[in-house]
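Chains as they are written, first to last, in our numbering: chain A, 261 to 607; chain B, 261 to 607. We put the CB at the ideal spot given by N, CA and C, even for glycine. In what follows, a single structure is set out as structure tokens and then discussed.
Protein chains: 2
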Amino acid sequence: MDLGERKKKILGAVIEHYIRTAEPVGSRTISKLDELGVSSATIRNEMADLEEMGLLTQPHTSAGRIPSTMGYRTYVDRLMKNYEFSVSEINRLRSLMELQLTEVDSMIKELTGIYSYLTNYTIVGSSAGNNNGYIKNFHMVQIDRNSALLIVVTDKNIVKNKQIYFDCDIDSTVTEKISNMLNENLAGVVKSKINLEKIYEIQAEMDVYKSVLLPVLNFVNECIESLDNSEVFISGASKLLDFPEYSNVQKAKELLEFLDNKENLHRMAASVDNADVKIIIGNENDAIELKDCSIVLSSYNIKGKGTGTIGFIGPTRMNYSKAVSTLKLLTGQIDKLTSNKEPEGEK
Amino acid sequence: MDLGERKKKILGAVIEHYIRTAEPVGSRTISKLDELGVSSATIRNEMADLEEMGLLTQPHTSAGRIPSTMGYRTYVDRLMKNYEFSVSEINRLRSLMELQLTEVDSMIKELTGIYSYLTNYTIVGSSAGNNNGYIKNFHMVQIDRNSALLIVVTDKNIVKNKQIYFDCDIDSTVTEKISNMLNENLAGVVKSKINLEKIYEIQAEMDVYKSVLLPVLNFVNECIESLDNSEVFISGASKLLDFPEYSNVQKAKELLEFLDNKENLHRMAASVDNADVKIIIGNENDAIELKDCSIVLSSYNIKGKGTGTIGFIGPTRMNYSKAVSTLKLLTGQIDKLTSNKEPEGEK
DNA sequence: GTTAGCACTCAATCAAGTCGAGTGCTAATC
DNA sequence: GATTAGCACTCGACTTGATTGAGTGCTAAC
């Protein structure tokens, strides 16, 4: 799909205007923008085309157009220009550079707090987690003919347990054998050393009990996954309420509730691969709660500590270009502050 | 001020009804409550009396009555009965008892998260902080004739600074003297050892520079206050949006923004003395942002770690009796879990 | 002291009417 | 063939006015 130069300009103008105003954009508005000296009627035709292509939509006949997810996507991928910080913005941000904190985690939280305050965006993030958690030991206790309780104790002495039901009858030799096997193979092994192959190995080794093993391993896997003790946090959640799209309390509540749940943040943070900056727009999100939100995510690296994630969250019409630029600045600053972290320095 | 038995009953009925419905309560509603077999007209007279006493107010003529801060206060202090947990509530809460976590802080956070989820109230708290932070050293640099920069470095290498303006002209001997004095008297002294008397002592000693000293000491005090490295946290903030009083997004935003700021939470947490349970109603709060909120606070103690604070926050018409009971249960549970903290135990 | 009755108040709700921003289409123009 | 002016039409947003009903205060009777 190729857009003409003019269509690109119009799409860009519509999106940027909508980002600022949150109001559907009409053809007259665009035509007055003097970017391109054509009348509103022409714009109307072009906009009808763009709508046909699925880049714009109309909330109802006789309203202006608003960008669709695909529209934003095209904008972000192909049209967006780099956001230029104004002098005063640079000055405000530069003053942050003077922060001097030693505890890395609290520094990052502090920093995101300030950025959230300055940009008026909500920031979510996860601190750099080490993958050296492990499971201390496993216990398996038969409950009745076809169920047993699996108990898992982690290095932090968190105890998890689950009653597991089997398709067939079992006896205590089975539970014993399984728990022995788990203890031998997985107890004390740090998370980063456990991978799928290891699990498959076990599965092969225990071939006889295959059907019995599956639910057990599922739960074990769950436990291992949740071992990561990286912390997630959120700054400036209330900023979301600034956006007219959340003037409906019900909607706002659903989103805030979603963000309240650390599990969800974890999942979000985990989704970022090593790409530079990842942008997830509207219904590209896995969670339906986020179908009207966009997320701009990036990761940072602290040597000896691992990788953390940090990102902006806002309505789909967020200012992507500013978000991306700010995020780069923020992660850059984290890198800078953590690399030369010999404190003691005066201001 | 003494209330007759009937007035008490009516006040209690109004408050409890209002807590449930968030609607102004009319005389007919109360009269139908069959608690006391009198007609609505009688209730009206009594309610007029209660309004005159300042315990009830009317949002407008021809609306029912709603309790005033003073009304809630009398209710809480003198009328309120203990909340009785229902069997199912007790069962749900009891299942929490089975949690086994060792890291005290994360346990408490986890616990408050679950309680927030179950009670649908927002919970704020601060973890048990040690008071052994200190300020490493002070520097004072003259900037011009009547201002100087005060730089404070804490034990965590957090650097704070503030430009301080004086009423009179100063020279470098003054700044030098002040910074020497601060370093001699306060540098390296842990927070718990610093008290008002110490500050007064300094003030007396430096009598000559009294007017100069005041703004300096103010800032120093600020720094010392913020030394406490106990962490504050909030669980289930979005629950606030359930209350119709926050269906106005503007209002909700102000409150959430206030709670977003850790400083404010810190101040709130600090305000709890060693009382059993402290209830702060509406405009009894220092912060105007909380003038429509009530807070039920309590503290818990972990031996060897210090004191933490935990509390519910909600609209003034919160269910005080339930909040108090739940809070007692919660802090009790924390005590219990932290006292016999020999983990390793199976479920 | 209590209650029934009545006039009065006032927010909330609803329907009807108006307004205006914006569209799509057609015919004229460049 | 692309652009534009003009016009009829659509539809949400807003205004207005009438209606409703919950609730009050007061007075007179019980």
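- The segment 561-574 of chain A and the segment 305-325 of chain A do not touch, with fewer than 3 CB-CB distances between them shorter than 8 Å.
- Per the DSSP secondary-structure output, residue 483 (chain B) pairs with nothing in a beta bridge.
- In the DSSP annotation of this structure, the continuous segment of the beta strand (DSSP E) that includes residue 414 (chain B) starts and ends at 407-414.
- In terms of beta-carbon proximity, residue 487 (chain A) stays away from the interface with chain B, with every pair separated by 8 Å or more.
- For residue 407 (chain B), not one C-beta of chain A is nearer than 8 Å to its own C-beta.
- For a Cβ distance threshold of 8 Å, residue set 509 of chain A lies close to residue 507 (chain B), ordered along the chain.
- In this structure, residue 368 (chain B) sits near residue 387 (chain B), with a CB-CB distance shorter than 8 Å.
- Excluding its 5 nearest sequence neighbours in each direction, residue 496 (chain A) has C-beta neighbours in its own chain below 8 Å: 373, 376, 377, 380, 381, 382 and 383, listed in chain order.
- Residue 271 (chain A) and residue 528 (chain B) have their C-alpha atoms roughly 49 Å apart.
- Nearest in C-alpha terms to residue 328 (chain A), of all of A:572, A:533, A:574 and A:543, is A:543.
- In this structure, residue 454 (chain A) sits away from residue 442 (chain A), with a CB-CB distance that is not shorter than 8 Å.
- B:576 is the residue among B:576, B:421 and B:536 whose C-alpha sits nearest the C-alpha of residue 545 (chain B).
- Contact annotation: the segment 285-292 of chain B touches the segment 300-309 of chain B, with at least three C-beta pairs closer than 8 Å.
- By the rule that beta-carbons nearer than 8 Å mark a contact, residue 482 (chain A) does not touch chain B.
- For the segment 512-534 of chain B, the set of positions with a beta-carbon nearer than 7 Å to some beta-carbon of chain A reads 512, 513, 516, 517 and 520 in chain order.
- When C-beta distances to chain A are compared with 8 Å, every residue of the segment 568-595 of chain B stays at or above that value.
- Using a Cβ-Cβ cut-off of 8 Å, residue 393 (chain B) does not count as an interface residue toward chain A, since no Cβ of chain A sits closer than that to its own.
- With respect to chain A, the C-beta atom of residue 442 (chain B) has no partner C-beta closer than 8 Å.
- Pairing residue 571 (chain A) with residue 587 (chain A) gives a Cβ-Cβ distance under 8 Å.
- For residue 385 (chain B), not one C-beta of chain A is nearer than 8 Å to its own C-beta.
- Residue range 265-281 is occupied by the alpha helix (DSSP H) that includes residue 267 (chain B).
- Not a single C-beta of chain A is nearer than 8 Å to the C-beta of residue 348 (chain B).
- Counting C-beta atoms within 10 angstroms of its own C-beta, residue 510 (chain B) has fewer than 16 neighbours from the protein chains shown and is therefore classed as exposed.
- Nearest CB-CB separation between residue 448 (chain A) and chain B: not below the 8 Å threshold.
- Contact between residue 406 (chain B) and residue 425 (chain B) holds: their C-beta atoms lie close to 6 Å from each other, under 8 Å.
- In chain order, 409, 410, 411 and 412 place their CB closer than 8 Å to the CB of residue 421 (chain B), counting only its own chain and leaving out the 5 sequence neighbours on each side.
- Distance from residue 584 (chain A) to residue 556 (chain A) at the Cβ level is roughly 6 Å; contact confirmed, criterion being Cβ atoms closer than 8 Å.
- With the criterion set as a beta carbon lying under 7 Å from some beta carbon of chain B, the segment 323-343 of chain A has no members that meet it.
- With a contact defined as Cβ atoms closer than 8 Å, residue 435 (chain A) and residue 487 (chain A) miss out at about 23 Å.
- Between residue 499 (chain A) and residue 498 (chain B), the CB-CB gap reaches or exceeds 8 Å.
- CA-to-CA, the gap between residue 432 (chain B) and residue 347 (chain A) works out to about 35 Å.
- Residue 451 (chain B) and residue 548 (chain B) have their C-alpha atoms spaced approximately 29 Å apart.
- Take residue 397 (chain B), set aside five residues on each side of it, and the residues of its chain with a beta-carbon closer than 7 Å to its own are 413, 443 and 447, in chain order.
- Using beta-carbon distances, residue 497 (chain A) counts as an interface residue toward chain B, with a partner under 8 Å.
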